[in-house]
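Structure, as structure tokens:
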DNA sequence: ATACGATTTTGACTTTTGTCAAAAGATTAT
DNA sequence: ATAATCTTTTGACAAAAGTCAAAATCGTAT
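Right, dumping it as structure tokens:
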């Protein structure tokens, strides 16, 4: 089971353990424009995207839709605050394309902690990767101009450029729609 | 041992286990303007701040000093990328005031994993708190204006206002020095 | 192909933020 | 107390980004 960054190879699991882990996951389809999670619900699943593309977003005070993340194949979807602390989510997660996920429920995941002590380690490592990703994102906002953030987005996620609305990208990099259009125009 | 958000109370440790945990920590003083970590070094300690105030910063491409965090009493200092992946740090961590920390080395911490399986859980939970903090920070950049970010900083960290240079705050909220001065002027 | 809706671009204008350099104010060392 | 240094404020200006509304473009369903 090699799932990109989210690999469990390095934990030297036995066949047994791998089977045990995988047996706790179930497949799930999410059709284009359907929700994997709605704001107000408590996130009850971690999802690994095997196919397709989803995005997360929420509404700010002025009811603007703010895109916070894209989840193409190979992504792990965890709505950290909601899933970990059993709180209602602020975010929606919606499929941009027909998508296939492999999901594990909160409860199943708790069971795994008991059956497989390494599961804590795995989850901690996954968390560490998330931390690096978000730090990187915060740093971009802190130090880069709108146009530099767009450049960076393009080089980090070239595959997404063809697959998502520019409006989503604009909001993801924290820029007005019209401004992104102008940024793209000049070179 | 109640250390604010970073509490180990909820893990229902025995006296033994608490002693075991604490025995792995050692005290460390960092005088004003001294470094807890320098860029280029591999971060070898997690530090819990019991007294004083430190900050983390790095230099961007144009050699601007960018403040990324403040660590007053009650903070947990982990330079995630460097500590977890044993990579040289981009960041400096320097004391703004004479500070006292309680630190645990990478190795000691690894030993704790073996002696105390719950240590993984604790570290995962600490990571989850960090994730929420950084997400909150990224969201501020994504959705708030410079002056709103300053307001938010003031209400989130009122104690820091009196204790750190405005220049550090400006950089932390991603705003030019002169701009922050003007923001503060008008009301 | 046509028409509808959604997305993207454009124009004219405003507001926000940055830049640079100088002045004012604080702080520290001698 | 004074000089030297660091921090903060200010002014004049420039650049970046936002706003609003209309036009152009694209995609899809009929």
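Residue numbers (this note's numbering), protein chains in the order written: chain B, 3 to 189; chain R, 3 to 189.
Yeah, the Cβ is synthetic: ideal placement off N, Cα and C, and Gly gets one too.
Note that the coordinates shown come from a computational prediction; the quantities given were computed from them, not determined experimentally.
Within 9 Å of the CB of residue 119 of chain R, the CB atoms of chain B belong to 119, 122, in sequence order along the chain.
Checking the DSSP bridge columns, you'll see residue 41 of chain R has no partner listed.
Residue pairing of residue 31 of chain R in beta bridges, as defined by DSSP: R:102. For residue 61 of chain B, the enclosing beta strand (DSSP E) begins and ends at 47-61.
Within chain B, 133 have C-beta atoms less than 7 Å from the C-beta of residue 132 of chain R, given in sequence order. Secondary structure in the stretch 134-176 of chain R: the alpha helix (DSSP H) runs of 4 residues or longer, each lying completely within the stretch, are 148-158, 160-163, 168-174 in chain order. Cβ-Cβ distances below 7 Å link residue 92 of chain R to 41, 60 in the same chain, with the five nearest sequence neighbours on each side left out; the list follows chain order. Interface residue (Cβ-Cβ distance to chain R less than 8 Å): residue 82 of chain B is classified as such. Within 7 Å of the CB of residue 178 of chain R, no CB atom of chain B is found; the nearest one sits about 12 Å away. Distances from the CA of residue 175 of chain B to each of B:163, B:151, B:53 were compared; the closest alpha carbon is that of B:151. Between residue 97 of chain R and residue 38 of chain R, the CB-CB gap stays under 8 Å.
Residue 82 of chain B and residue 130 of chain R have their alpha carbons spaced roughly 7 Å apart.
When the alpha-carbon of residue 45 of chain R is set against those of R:25, R:33, R:15, R:90, the nearest one is in R:90. For residue 85 of chain B, the enclosing alpha helix (DSSP H) stretches over residues 82-87. Residue 154 of chain B is outside the set of residues whose beta carbon lies under 8 Å from a beta carbon in chain R. Counting C-beta pairs closer than 8 Å gives fewer than three between the stretch 7-26 of chain R and the stretch 102-112 of chain B, which falls short of the contact rule. Residues of the stretch 134-148 of chain B with a C-beta atom less than 8 Å from some C-beta of chain R are 134, 136, 137, 139, 140, 141, 143, 144, 145, listed in chain order. Counted as a single uninterrupted DSSP element, the stretch harbouring residue 66 of chain R is not any alpha helix (DSSP H), since DSSP gives it neither H nor E.
Between the alpha carbons of residue 126 of chain R and residue 120 of chain R lies a gap of roughly 10 Å. Around residue 173 of chain B, the same chain offers 68, 69 as residues with beta carbons nearer than 6 Å, after the five sequence neighbours per side are excluded.
When the five nearest sequence neighbours on each side are left out, the beta carbons in the same chain lying within less than 6 Å of the beta carbon of residue 47 of chain R are those of 105, 107, in order along the chain.
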